[in-house]
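J.: Next up is a structure, given as structure tokens.
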Amino acid sequence: MSDIKHVGVIVDGNRRWAKARGLPTLEGHRAGYVRVKELARWLFARGVAYASFYLFSRENWKRSQSEVSYLMALLEQGLKKDTAEFVRDSIRLRFAGLRAGLSTSLQELMIKAEQATVAGNKGTVVACINYGGQQEIVEAVQQLAKSGSDLSGLTLDQLKAALTTAELPPADLIIRTSGEQRLSNFLLWESAYSELYFTPQLFPDFTETDLDQALSWFNDRQRRFGS
């Protein structure tokens, strides 16, 4: 395959997957969480260095309280249970998004997971939680203004450094499942020249074969970067 350094994934279709099987919505999210871990490993096995997953957007707070509570509990349980697994497999875990809106317990688990996996060199999972691309850019500018930076001479490099996704390289490929064809406020800075791949597969049904089809499609693209 060609040199793909960073793949972003818009996790979509968990609820529809559950509904189609007559299962509670929450079971769809549980299946989606399992698939996130599998997909990250498939990507790293193919030489991808960064795998970013859109797990919970700023807009997702509008969902029912029961669903939001379950998603937050699922994230906490996952970090408690799986951080040791990431350490064992030398996978680094990072987070993007506004942490201030999350519970103290979840924030503490996020910090511990990042610290525990910092030496991972087989690939980096970036979990985008309470994330919004537009809001992140605005908050980065506000942060620079508070620091006394001269915004009249603001450069691309300065703004990028203030983002919560500052360490991420540009996204080569963004995959969205479930048939929807939009970015939904995901990685707006990093997706300036991304190739966008849309598949009708609901996220829990997205297989390793589906990934290889997406990567094959990417390899057939001619990337000109405006030239």
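Residue numbers for the sequence shown follow the working numbering, beginning at 1425 and rising by one.
Here a beta-carbon is modelled for each residue, glycine too, at the ideal position from N, C-alpha and C.
If you're wondering where the values come from, they're calculated on a predicted model, not measured in any experiment.
Give, in chain order, every unbroken run of the beta strand (DSSP E) that is at least 3 residues long and sits entirely within the stretch 1495-1525.
T.: Runs found: 1516-1520.
J.: How is the beta strand (DSSP E) around Arg1600 delimited, first residue to last?
T.: First-last of the beta strand (DSSP E) with Arg1600: Leu1597 to Arg1600.
J.: How should Thr1548 be labelled, buried or exposed, when 16 other C-beta atoms within 10 angstroms of its C-beta is the threshold for buried?
T.: Buried, by the Cβ-count rule.
J.: Using a Cβ-Cβ cut-off of 7 Å (strictly less than) and excluding sequence neighbours within five positions of Leu1530, which residues of its own chain qualify?
T.: Only Met1496, Leu1499 and Glu1500 meet the Cβ criterion.
J.: Identify which residue in Leu1587, Gln1625, Thr1631 and Ser1514 has its Cα closest to the Cα of Gly1544.
T.: Taking only the C-alpha atoms, the option nearest Gly1544 is Ser1514.
J.: Helix, strand or coil for Thr1449 per DSSP?
T.: Thr1449 falls in the helix class under three-state DSSP.
J.: Which residue from Thr1588, Cys1552 and Tyr1555 puts its Cα closest to that of Leu1568?
T.: Checked all of Thr1588, Cys1552 and Tyr1555; the closest Cα to Leu1568 is Thr1588.
J.: Inspect the CB distances between the stretch 1518-1525 and the stretch 1440-1452 and report whether three or more fall short of 8 Å.
T.: No contact exists between the stretch 1518-1525 and the stretch 1440-1452.
J.: Taking only three categories from DSSP, how would you classify Ile1535?
T.: Three-state result, Ile1535: helix.
J.: Can you tell which of Leu1620, Thr1579 and Lys1486 has the C-alpha that lies nearest to the C-alpha of His1430?
T.: It is Leu1620.
J.: With respect to the alpha helix (DSSP H) encompassing Val1562, which residues constitute its N-terminal and C-terminal limits?
T.: From DSSP, the alpha helix (DSSP H) with Val1562 extends over Gly1557 to Lys1570.
J.: Round the Cβ separation of Ala1540 and Thr1579 to the nearest angstrom and send it over; I've been treating them as touching at under 8 Å.
T.: Not confirmed; about 34 Å, so no contact.
J.: By the 10 Å Cβ neighbour count, where 16 or more other Cβ atoms means buried, how is Val1472 classified, buried or exposed?
T.: The residue is buried, with at least 16 neighbouring Cβ atoms inside 10 Å.
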